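As structure tokens, the structure follows; a few thoughts come after it.
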Amino acid sequence: MQAMGNGVGVVDEQRLIDRALSRVRTESGASLAFSGNVIARHDRISLDTFSGTVHGPLRGLAVSFGCGIGGKAATLRRPIAVDSYVGTDRISHHYDHVITAERIEGILAVPVVVRGRLHSIFYAATRNSQGLGERMLRSAAETARELEQQLAVNQALSAQLASARSIVWNSDPADAASGPEWETVRETFTQLRVMAAECSEPKMREQLNAMAERLSRSRSTASPKESVVQLTDRDVDVLACVSQGMTNQEVADALGLSAETVKSYLRAAMRRLGATSRWEAVVAARRTGQLP
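In this text, residue positions in the sequence shown follow my numbering: the first is 3, and each later residue adds one.
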């Protein structure tokens with residue numbers, strides 16, 4: 003996964019889509035899962051991402067709005083499923099030759115709508131005549147909804163990160179990091195740290211943490227002695243959440259920890275920083291450039 007890749011967002015959108023398609027195939031037993039990017043200005047869908055073997059001309063197919071199952075789902079903005087693509091009278095049959103070449107029987111199409119805009123069409127298909135089944139329908143619908151949320155958060159955080167970077171880059175390091183604009187920086191930092199903590203991919207986690215670090219290190223006002231103090235990644239995660247006014251339980255929920263574990267990290271951070279309270283630890287971490 004790449005940070006700030008070709009997709010719009012902090013995380014490469016393509017990676018999120020790849021992972022969603024793989025999940026549907028694994029959970030539902032679909033023969034093939036694929037998606038198409040919506041090109042709104044041309045009212046069409048470009049089929050560009052696949053999980054499973056593609057036999058024929060499906061890859062790269064341009065589907066017009068209103069045509070086939072995906073085109074109809076795009077027009078209606080609601081899911082459509084058929085157990086026999088070629089035999090159904092619920093859709094047009096512009097693409098029967100493609101479906102036949104792929105040996106697809108049942109297929110469903112789910113619109114992915116992000117922040118009010120049609121983003122893509124999510125498909126799952128089977129190459130047997132047993133029908134789609136409830137498991138496939140449920141898995142595809144749930145995965146598409148989760149993908150919508152992930153893409154929306156990703157795009158929103160990307161815009162927030164751009165704003166935060168602008169604040170950091172245009173500020174004088176000698177000035178205090180105060181004012182309402184710095185709350186944007188701190189909120190963005192915390193969101194990046196939480197995303198990294200939840201990420202199961204080491205490379206992506208490292209990149210998210212690096213983005214967060216660039217928002218904080220330029221603000222260090224520590225003395226040489228203070229600069230020696232280094233918090234662990236978990237210490238920083240916990241203090242970042244505390245800096246946003248979270249309770250220990252809210253920190254635990256955000257980071258997937260227990261409240262007792264959060265308390266343990268807080269005590270360790272306070273000890274390292276020579277602080278006597280949660281907020282004093284936050285202030286000290288900011289002074290050493292480990293929080294913005």
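C-beta atoms are modelled at their ideal positions from N, C-alpha and C, and glycine is treated no differently.
Predicted, not measured: the structure shown is a model, and the values here were computed from it.
Whole-Å CB distance - D237 paired with A270, under 8 Å assumed
Right, the Cβ-Cβ distance comes to about 6 Å (below 8 Å), so this counts as a contact.
On the three-state DSSP scale, how would you describe T314?
In this structure the chain extends from 3 to 294, so residue 314 is not present and cannot be described.
The beta strand (DSSP E) enclosing S30, as first and last residue numbers
DSSP places S30 in no beta strand (DSSP E) but in the uninterrupted alpha helix (DSSP H) bounded by 15-30.
Would you call H57 buried or exposed, if buried means 16 or more other Cβ atoms sit within 10 Å of its Cβ?
exposed
For P204, three-class secondary structure by DSSP
In this structure, P204 counts as helix in the three-state DSSP scheme.
May I ask you to list the residues that DSSP assigns as paired with V238?
For V238, which the question treats as bridged, DSSP gives no partner whatsoever.
Helix, strand or coil: how does DSSP classify L217 here?
When DSSP states are grouped into helix, strand and coil, L217 belongs to the helix group.
Is the Cβ-Cβ distance between A287 and L217 less than 8 Å?
For the 8 Å CB-CB criterion, A287 and L217 do not form a contact.
Considering only the beta carbon of each residue, do I158 and V187 sit closer than 8 Å?
The amino acid occupying residue 158 in the given sequence is Ala; Ile does not appear at that position. Not a contact, by the Cβ cut-off of 8 Å.
Cβ contact check for the stretch 118-127 and the stretch 92-99: 3 or more pairs under 8 Å:
no
I'd like the list of long-range same chain contacts for A75, defined as Cβ closer than 8 Å, with 5 residues on each side in sequence excluded.
For A75, where only same-chain residues beyond five positions count, the Cβ hits under 8 Å are P81, I82, A111, V112, P113, I123.
Cα-Cα separation between Q151 and W184, rounded to whole angstroms:
26 Å
Skipping 5 residues on each side, what residues in its chain have a beta carbon closer than 7 Å to that of A35?
L23, V26, R27, S53, G54, Y125, A126
Rounding to the nearest angstrom, what Cα-Cα distance links A154 and L18 in this structure?
Their backbone Cα atoms lie some 12 Å apart in a straight line.
At what residues does the alpha helix (DSSP H) containing R119 begin and finish?
Here R119 belongs to no alpha helix (DSSP H); instead the beta strand (DSSP E) covers 119-128.
Whether V231 touches V284 by CB criterion (8 Å):
no
Can you name the start and end residues of the alpha helix (DSSP H) that S168 belongs to?
135-171
Determine whether the beta carbon atoms of T102 and V88 lie at a separation below 8 Å.
It is a contact, given that the beta carbons lie within the stated cut-off.
Per DSSP, cross-strand counterpart(s) of F36
F52, Y125
Hey, is I101 close to the ligand GDP, as in C-beta under 7 Å from one of its heavy atoms?
Of ligands this structure carries none, so the ligand GDP is not represented either.
Beta-ladder partner(s) of V84, from DSSP
I109
Can you find the residues in the same chain that come closer than 7 Å, C-beta to C-beta, to S131, ignoring five residues on each side of it along the sequence?
Excluding positions up to five away in sequence, the list reads E107.
Looking at C-alpha atoms only, which residue of A199, S30, I71, L194 is the closest neighbour of M138?
S30
Per-residue DSSP class, three states only, for V65
V65 carries a strand assignment under DSSP once its states are collapsed to helix, strand and coil.
In this structure, how does DSSP classify I93 when only helix, strand and coil are distinguished?
coil
Keeping to the same chain, check which residues put their C-beta closer than 8 Å to that of F67; ignore five residues upstream and five downstream.
So the list reads D45, R46, I47, G73, A76, T77, once near-sequence residues are dropped.
Could you give the residue range of the alpha helix (DSSP H) that holds Q77?
According to the sequence provided, residue 77 is Thr. The question's Gln does not apply to it. Where T77 is concerned, the enclosing alpha helix (DSSP H) stretches over 70-78.
Would you kindly work out how many angstroms separate the C-alpha atoms of A42 and A64, rounded to a whole number?
12 Å
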